[in-house]
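Heads up, the thing below is written out as structure tokens.
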């Protein structure tokens, strides 16, 4: 059971600060609870009045006859420390705090919020808010919110950090007759936050889609883990405010939100398999689409219309947003031509002409339902004097409901206009068919489906392998970093100084050296070989162009000496006080037909290290000129990053179509991601530029900042990287070498092969059902795991997987459900015992309190193994199961 399960199914509620005074929070909350039919106990608490809204009031919290599930605190912030202490003493599970000014000082050291949170944590009570509107649970008839509007029951959950957005969404949803499974206002989210609610709502039976309005994320690792898990089970839509710099400033003033670049949030949302929409209008449209449509099977759209102009606008919007028009099969065009007027379009969009009535729409759709090239339809109608809009809508609704072929397609509608088509749009809405007022909004809604599908595909796509770093390379790199920080806590290095680190990781850099004068510059050039470049090296001059501080393609000893002296002379003339740390002499890169890119590693206060890539140039603006990626990256994730940069014109190929090899650039980003993970001392690495020509990438200039790092290097990352420290080698009873390691996404093909070599009887014991061939989605769920909250160890002999042990850990780290499966022909070699030992030690080190599993009573091998480890075993013969449980809280992990 999730820690917030009871919050979403309350049995009783107390309203602290209840009052008969109209428009006060304690009055509005009481009226909402009473008017919406909540059947649990409603207990107003106030010493001033004997009753509130006709309900007997209690003078104090300790006088309550029962312990309420939820206490809604409607009092002024200055009273809340004492109230939270009383609620904690009473044993209340959840407190919802309405007050907004909890950031005020309670004493010389702590704010009111800090003291309330400390008291709550000591007692185990959870806090929603402060500055929360409350929560609405329509299926429980619970309206515990300071809101003038209530919610209808439905299958969408809404979580928002903004109370104002909550009331706006409620007003719109009621007009559209869209209902909610839960409606939750986080407020300042000092305790209960997005992550826990995502974990809870992703398994809640009434919830099919989840909407988030986000100002800021407090715990990126927790949020990313919860979002990635939830998005496998539910459709999740996100509105993130503060997309611009000024918007970020306004958000910071409003609620103290972070200054994370919007492109980083965008990357995190995509990485989690969620769908981002840009504004409330898009959110409303996306809700209507996602709650009324089947999952998109493909991206090819066919447009059926009675007007050419609106259809052209739809096509323009579709292609501008990266959508695809379907190609209609020639044989279907022939069938359409047999009954459509001669002036029809003979192509997609399928313009069936302005006088089209309901029969022409229906007959056209009947033909097109036979297409194998169409995935979705946009049906469009502009008001016509000769065709009834409502009748056409009714006939199409009837066709879609009765023709079995229609279930293969996503169908959206755009009946343009207002009064004359209002009933038609209502007809579509009541039938569960998304309908929109304009061509642009209809196509935008379709593209929400497309983008959501792409994000889900990215979440589940099996990556290809890339070459791993040798341990000798890592040792060399880490030794070099330690040397740089031997006597300093922070060091800034230029291109020449940073070369050893980058070369240790296999990056291609140019030979270079640092000279103090013209004579030394010429000498270094002779050693490097011509042609060379001479560049000014001064921390006080940001733009070398101010003094013509870069001279290129120098081909002779004398040219180098002359260029070097000229740079020094100009610098002394224009910047006499500038510190000159020398001249960099660097071999010239072969840049013919090469593209110039800029790639940056930088820290973010919310998401930790991020990788930015874009075209670069002197006017580089991270927000507008780059896309962001969160390490760790594999080849699939890196490729999506590169393709997105190309599609969004953040990288603009200027030389030739073949100048950028996507795979080569993806490999480069993966290697850069490895650098980030293995060297936490890297604070900033700014490569400007890196030249790419086909598969060749050369680093020209870079700035590297190293800082001393202590603590767990992996905790600074928003996504837990592959835990290489858990890899070990082992010999089975026959002396064969076996590698025990965490599973990789790339293991999918071998995992499928492994399952095929397990007998049906063993598979039945593992999965409690007849198991056929696992599809890609099932295998992806097994191999693409979140190492922060689950673990799967594979035993590998040669290249074959021969056994697997798994642990799925609850988000609060209290319990782990485990399972073990060994290849049927390799039993008796001690592999099951080794995998059990590995998974138990892992859970102990992760400080999980309890580990458990279910097997069949006749699985004596598993039961005997469990007994040997001290598991408590209960057999339920009537249910055909045996439960195995082992408490880990008193066990001490082995010392390393």
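Residue numbers (my numbering): 34 to 929.
No residue lacks a Cβ here, since even glycine has one placed at the ideal position from N, Cα and C.
Since the structure is predicted, the reported quantities are computational estimates derived from the model, not experimental observations.
DSSP, reduced to helix, strand and coil, places residue 880 outside both helices and strands of the structure shown, so it counts as coil. In this structure, residue 240 sits away from residue 264, with a CB-CB distance that is not shorter than 8 Å. Taking a 10 Å sphere around the C-beta of residue 111, we find fewer than 16 other C-beta atoms and assign the residue as exposed. A straight line joining the alpha-carbon of residue 514 with that of residue 507 spans about 11 Å.
Between residue 752 and residue 705, the gap from beta carbon to beta carbon reaches 8 Å or more. When rounded, the separation of the alpha-carbon atoms in residue 249 and residue 698 is 32 Å. Where residue 256 is concerned, the enclosing alpha helix (DSSP H) starts and stops at 253-263.
With respect to residue 272, residue 312 sits close: the two C-beta atoms are nearer than 8 Å. Residue 898: member of the alpha helix (DSSP H) spanning 893-901, first to last residue. It is roughly 23 Å from the alpha-carbon of residue 364 to the alpha-carbon of residue 344. For residue 606, the secondary structure class from DSSP, reduced to helix, strand or coil, is helix. Residue 886 sits close to residue 850, with the two beta carbons spaced by under 8 Å. In the structure shown, residue 274 adopts coil according to DSSP, grouped into three states. Membership of residue 246 in the beta strand (DSSP E) is indicated by the continuous run 242-247. Here residue 670 is not near residue 649, since their CB atoms are 8 Å or more apart. Remark: C-beta atoms of residue 416 and residue 447 do not approach each other more closely than 8 Å.
The DSSP assignment places 341-353, 363-370 and 391-401 as complete runs of the alpha helix (DSSP H) inside the stretch 329-414, in order along the chain (cut-off: 4 residues).
For residue 460, the secondary structure class from DSSP, reduced to helix, strand or coil, is helix.
Here residue 117 is buried: its Cβ has 16 or more other Cβ atoms, across all protein chains shown, within 10 Å. Between the C-alpha atoms of residue 351 and residue 475 there is a straight-line separation of about 10 Å. CA-CA distance, residue 85 to residue 177, rounds to 15 Å. Here the alpha carbons of residue 128 and residue 200 stand approximately 21 Å from one another. Taken through DSSP and simplified to helix, strand or coil, residue 715 comes out as strand.
Nearest C-alpha to residue 829 among 66, 638, 822 and 838: 838. A Cβ-Cβ contact shorter than 8 Å links residue 185 with residue 210. Judged by DSSP in its simplified three-state form, residue 574 adopts coil rather than helix or strand. Between the stretch 714-721 and the stretch 616-626 there are fewer than three C-beta pairs closer than 8 Å, too few to call the two in contact.
For residue 233, the enclosing alpha helix (DSSP H) starts and ends at 227-234.
Residue environment: residue 77 is assigned as buried (16 or more neighbouring CB atoms within 10 Å of its CB, all protein chains considered).
DSSP, read as helix, strand or coil, puts residue 594 in helix.
As DSSP reads the structure, residue 628 sits in a beta bridge with 725.
Here DSSP, grouped into helix, strand and coil, assigns residue 453 to helix.
In the structure shown, residue 527 falls within a coil segment according to DSSP collapsed to helix, strand and coil.
Taking the Cα positions, residue 168 is about 41 Å away from residue 904. In this model, residue 604 and residue 259 are separated by some 55 Å (Cα to Cα). Residue 255 and residue 749 have their C-alpha atoms spaced approximately 12 Å apart.
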